[in-house]
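For the sequence shown, this note's numbering gives the first residue as -16, with consecutive numbering after it. By construction, the Cβ of each residue, glycine as well, lies at the ideal position given by its N, Cα and C atoms.
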Amino acid sequence: MKYKLFPIITAAAIVLAGCQSKSQTESKTPTDSTEKTASVAEDAPATVDVSKIKVADAKTILARKQVPILCYHQVRNWKPTDGKVGKDYIVEIQNFKDQMKMLADSGYHTILPDQLYAYLNTGAALPSKPIMLTFDDTDMDQFTVVRPTLDKLGFKAVYFIMTVSIGRKGKFVDYMTKEQIKQLADEGNVIGSHTYDHKNFKKYAGKDWEEQLDKPTKKLEEITGKKMTEFAYPFGLWNAEGIPELKKRGFRMAFQLSTKRDEKDPLFTIRRIIASGYWSPKTLSNSIKNSF
């Protein structure tokens, strides 16, 4: 990319780094089994006052039925230059629309972090067949393609923003502007932090906490006018030693990928699965059922 401050975030790096290798992916484990069913309500409130919620103990949270959470990156048509692995992280436009239609036709209702937080800690009611949609890395297609597709279906989503990329234009990928990010927030979606430049969370030391957490948080709060309370780990990688640093900074939940949740801090190791570019709507449907 032509920006000197952006040497490690090439289009290919974002696609491949987007989250994790397939070797880390796993289905639900006995610890993640759904012994209890979620309380549901067709008209469960879309907004929840979470300011007075007391965090439940880990055992209680782990016992609750997991809510399916999908992780997307680029939504665009494949190009001849896209590699086999890269295509895992690129969902073609019509396929994405078909996947979202499948979710709507199957009766899924999108939820947002406040609802998930209230449910995990208190058992608060959720809509029937709740699901969370998350989008990482600030790609422009998340505004130009994803946003109108979700709007037509009445869906909302969480967008995890990597601040180094805001407003940048690259050889392969363009990124959302500050105005577009604010619009997403104003329209009822949730903006979360995805660090400054996607550095591996497990390697943070010294000034990394300021550069990767404090400064991006401040910037996103200035853009949206809202407090940042959700975080997504780059590459889906985390370590227990870093979780207290997230808590100190006011984060309530952090999202990894499909590996086992931490038995002490399940709110900071919430599972997601990557919606592969190779998956048809039917395959996605089966993966949701098998993974959660």
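Leaving out the 5 sequence neighbours to the left and right, which residues in its chain are closer than 8 Å to Lys247 when beta-carbon positions are compared?
Residue numbering aside, residue 247 sits at position 264 when the sequence shown is read from its first letter. Around Lys247: Ala41 and Ala223.
Just reading off the beta strand (DSSP E) that Leu116 is part of, what are its end residues?
Here residue 116 is taken as the residue at index 133 of the sequence shown, counted from 1. Note, Leu116: beta strand (DSSP E), Pro113 to Asp119.
Unbroken alpha helix (DSSP H) runs of length 4 or more, entirely within the stretch 123 to 202: which are they?
130 to 136 and 161 to 169
Helix, strand or coil: which one does DSSP assign to Ser270?
Within the sequence shown, residue 270 is the residue found at index 287, counting from 1. Ser270 falls in the helix class under three-state DSSP.
Quick one, are the C-beta atoms of Tyr72 and His92 less than 9 Å apart?
Here residue 72 corresponds to residue number 89 of the sequence shown, with the count starting at 1. Here residue 92 corresponds to residue number 109 of the sequence shown, with the count starting at 1. No, these two residues do not count as a Cβ contact at 9 Å.
What distance in whole Å lies between the Cβ atoms of Pro199 and Thr146, which are believed to be in contact at a cut-off of 8 Å?
Within the sequence shown, numbered from 1, the residue matching residue 146 stands at position 163. Within the sequence shown, numbered from 1, the residue matching residue 199 stands at position 216. Yes, Thr146 and Pro199 are in contact; Cβ-Cβ is about 4 Å, under 8 Å.
So, do the stretch 181 to 197 and the stretch 220 to 236 have three or more beta carbon pairs nearer to each other than 8 Å?
yes
So, with DSSP's three-state summary, where would you put Met83?
Along the sequence shown, read from residue 1 onward, the residue named residue 83 stands at position 100. DSSP places Met83 in helix when its eight states are reduced to three.
My output table needs one value for Tyr55: the three-state DSSP class, helix, strand or coil.
Sequence index remark: in the sequence shown, residue 55 carries index 72 (1-based). Of the three classes helix, strand and coil, the one that applies to Tyr55 here is strand, per DSSP.
Once the 5 residues before and after Glu18 are set aside, which same chain residues still bring their CB inside 7 Å of it?
As a first step, residue 18 must be located in the sequence shown, where it is residue number 35. With a pLDDT of 34 at Glu18, under the threshold of 50, the modelled position of that residue is not reliable, and the figure given next carries that caveat. Correct list, in chain order: Ala46.
Residues in its own chain within less than 7 Å of Leu136 by CB, not counting five upstream and five downstream?
Counting from one through the sequence shown, the residue named residue 136 turns up at place 153. Correct list, in chain order: Met83 and Ala87.
So, helix, strand or coil for Ile206, using DSSP?
For the purposes of this step, residue 206 is taken as residue 223 along the sequence shown, with counting starting at 1. Helix at Ile206.
Alpha carbon of Ser89 to alpha carbon of Val141, nearest angstrom
Your numbering for residue 89 matches position 106 in the sequence shown. Your numbering for residue 141 matches position 158 in the sequence shown. If you take the alpha carbons of Ser89 and Val141, they lie about 21 Å apart.
9 Å Cβ cutoff met for Pro249 and Asn78:
Indexing the sequence shown from 1 puts residue 249 at position 266. Indexing the sequence shown from 1 puts residue 78 at position 95. No, the Cβ-Cβ distance between Pro249 and Asn78 is not below 9 Å.
For Ala46, name the three-state secondary structure that DSSP assigns.
Here residue 46 is taken as the residue at index 63 of the sequence shown, counted from 1. Helix.
Check for me: the alpha helix (DSSP H) holding Ala101 runs from which residue to which?
The residue you call residue 101 lines up with position 118 of the sequence shown. Where Ala101 is concerned, the enclosing alpha helix (DSSP H) stretches over Pro96 to Thr105.
Within 10 angstroms of its Cβ, does Lys272 collect 16 or more other Cβ (buried), or is it exposed?
Within the sequence shown, the letter at position 289 stands for residue 272. It is exposed - the Cβ of Lys272 has fewer than 16 other Cβ atoms within 10 Å.
Residues near Thr160 by beta carbon distance below 8 Å, same chain, minus five either side
Position 177 of the sequence shown, counted from the first residue, corresponds to residue 160. Same-chain partners within the cutoff: Ile149 and Gly150.
Extent of the continuous alpha helix (DSSP H) run through Glu224:
Here residue 224 refers to the residue found at position 241 of the sequence shown. Where Glu224 is concerned, there is no enclosing alpha helix (DSSP H), given that its DSSP letter is neither H nor E.
For Leu196 and Thr178, I'd like the C-alpha separation in whole angstroms.
As a position in the sequence shown, residue 196 is number 213, starting the count at 1. As a position in the sequence shown, residue 178 is number 195, starting the count at 1. For Leu196 and Thr178, the distance between alpha carbons rounds to 6 Å.
Minimum C-alpha distance to Asp32 - residue among Met115, Ser111, Lys80 and Pro96:
In the sequence shown, residue 32 corresponds to position 49, counting from 1. Ranking Met115, Ser111, Lys80 and Pro96 by Cα distance to Asp32 puts Pro96 first.
Using 9 Å as the threshold, is the C-beta distance between Ile144 and Leu220 below it?
As a working mapping, residue 144 is identified with position 161 in the sequence shown. As a working mapping, residue 220 is identified with position 237 in the sequence shown. Taking 9 Å as the Cβ cut-off, Ile144 and Leu220 do not qualify as a contacting pair.
Taking Phe234 as part of the beta strand (DSSP E), name the residues at either end of that continuous run.
Residue 234 sits at position 251 when you count from the first residue of the sequence shown. Note, Phe234: premise wrong, no beta strand (DSSP E); not H, not E.
Taking the beta carbon of Thr121 as the centre, do at least 16 other beta carbons fall within 10 Å, making it buried, or is it exposed?
Counting from one through the sequence shown, the residue named residue 121 turns up at place 138. Label assigned to Thr121: buried.
With DSSP collapsed to three states, give me the class of Phe218.
The count along the sequence shown starts at 1 and reaches residue 218 at position 235. Residue state, collapsed to three classes: helix.
In whole angstroms, what is the alpha-carbon distance linking Lys112 and Glu213?
On the sequence shown, residue 112 is found 129 positions in, with the first residue counted as 1. On the sequence shown, residue 213 is found 230 positions in, with the first residue counted as 1. About 22 Å.
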